[in-house]
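**Q**
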Amino acid sequence: MRANAFLFDLDNTLYPANSGVTEALEARMNDYVQQVSGLPNAEALALRQHYFVTYGTTLRGLQLHHKVNIEDYLYTVHDFDMPLYVKPNPVLATLMASITVPKAIFTNSPREHAQRALDAMGMAHIVMPVIDIRRLNFLPKPHPAAYTVALNTIECPATGTVFMEDTLHNLEYAKSIGMTTVYIPHHADLPVPAYVDYCFPDAETAIMAFL
Ligand SMILES: [Mg+2]
Numbered sequence: 005m006r007a008n009a010f011l012f013d014l015d016n017t018l019y020p021a022n023s024g025v026t027e028a029l030e031a032r033m034n035d036y037v038q039q040v041s042g043l044p045n046a047e048a049l050a051l052r053q054h055y056f057v058t059y060g061t062t063l064r065g066l067q068l069h070h071k072v073n074i075e076d077y078l079y080t081v082h083d084f085d086m087p088l089y090v091k092p093n094p095v096l097a098t099l100m101a102s103i104t105v106p107k108a109i110f111t112n113s114p115r116e117h118a119q120r121a122l123d124a125m126g127m128a129h130i131v132m133p134v135i136d137i138r139r140l141n142f143l144p145k146p147h148p149a150a151y152t153v154a155l156n157t158i159e160c161p162a163t164g165t166v167f168m169e170d171t172l173h174n175l176e177y178a179k180s181i182g183m184t185t186v187y188i189p190h191h192a193d194l195p196v197p198a199y200v201d202y203c204f205p206d207a208e209t210a211i212m213a214f215l
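So my numbering is basically just the index in the sequence shown, starting at one, shifted up by 4.
(1) Leaving out five residues on either side along the sequence, give the residues of the same chain with a beta carbon under 6 angstroms from the beta carbon of Thr184.
(2) Quick check: what's the CA-CA separation for Val90 versus Thr26?
(3) Please confirm whether Ala210 and Phe204 have their CB atoms less than 7 angstroms apart.
(4) According to DSSP, is Met168 part of a helix, a strand, or is it coil?
(5) Measuring CB to CB, does Val72 end up less than 7 angstroms from Val40?
(6) Is Thr3 close to ligand 1? I mean its beta-carbon at under 6 angstroms from any heavy atom of the ligand.
(7) Using only the alpha-carbon positions, how far apart do Arg64 and Ala150 sit?
(8) Determine the contact status of Met86 and Ala121, defining contact as a CB-CB distance below 7 angstroms.
(9) Could you pull the DSSP bridge partners for Thr185 from this structure?
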């Protein structure tokens with residue numbers, strides 16, 4: 005299998021989904037939604053999940069329906085000790101460094117969160133763009149505009165670009181524009197839709213298949 009370029013989702017794709025990062029983020033997002041909405045815990049949780057499913061990020065929902073300060077939200081939600089959760093991954097770091105075609109991180113998270121995760125994995129030295137939520141003008145995956153920003157950044161066409169993700173619905177639009185879609189599932193027994201080209205248990209195995 006050949007790849008002319010790679011786009012990597014970050015969270016739960018480059019580090020394991022059971023790292024605890026998602027839970028740490030969700031606890032902070034729930035607190036934030038509860039504060040700005042004034043709703044009790046259970047209703048705030050449901051509202052956050054509704055925003056995430058409807059808009060791709062909780063932040064997008066908060067922007068559209070509440071007057072939140074974006075930078076205050078991003079700082080508050082991502083303010084936790086990353087190395088507690090994300091551990092060094094020298095195998096992945098070596099594989100990443102060996103990629104000679106264009107590559108980039110393509111994430112709905114803010115740059116500083118991505119950088120802290122990359123640092124914790126031992127990948128701080130690997131030079132690649134981090135296409136983050138600000139660079140996406142706060143229009144997150146799976147919004148089509150996000151994919152345009154990503155492809156413009158790596159200066160590659162969709163065809164031949166391999167995109168690795170753990171969130172299925174982010175792969176659907178990618179496939180429709182011709183990307184090669186790689187799904188990194190959280191559980192091995194999940195059904196895989198037709199828009200998934202390849203399924204691998206982790207990013208290391210997936211990269212090896214294309215090198
Ligand atoms: Mg992810």
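C-beta: ideal position from N, C-alpha, C; glycine also.
**A** So, to answer that:
(1) Translated into the one-based positions of the sequence shown, residue 184 becomes position 180. Within the same chain, Thr184 has close Cβ partners Val166, Asp201.
(2) Stepping through the sequence shown from its first residue, residue 90 is reached at position 86. Stepping through the sequence shown from its first residue, residue 26 is reached at position 22. Looking at the two C-alpha atoms, the distance is approximately 11 angstroms.
(3) In the sequence shown, residue 210 corresponds to position 206, counting from 1. In the sequence shown, residue 204 corresponds to position 200, counting from 1. Yes, the pair counts as a contact, with Cβ atoms nearer than the cut-off.
(4) As a first step, residue 168 must be located in the sequence shown, where it is residue number 164. It is a strand residue.
(5) Along the sequence shown, read from residue 1 onward, the residue named residue 72 stands at position 68. Along the sequence shown, read from residue 1 onward, the residue named residue 40 stands at position 36. In this structure, Val40 lies closer than 7 angstroms to Val72 by Cβ.
(6) Because the chain in this structure spans residues 5 to 215, residue 3 falls outside the shown range and cannot be described.
(7) Counting from one through the sequence shown, the residue named residue 64 turns up at place 60. Counting from one through the sequence shown, the residue named residue 150 turns up at place 146. Rounded to whole angstroms, Arg64 to Ala150 spans 13 angstroms at the Cα level.
(8) Numbered from 1 along the sequence shown, position 82 holds the residue referred to as residue 86. Numbered from 1 along the sequence shown, position 117 holds the residue referred to as residue 121. Their beta carbons are under 7 angstroms apart, which means Met86 touches Ala121 by this criterion.
(9) Position 181 of the sequence shown, counting from 1, holds the residue named residue 185. Phe167.
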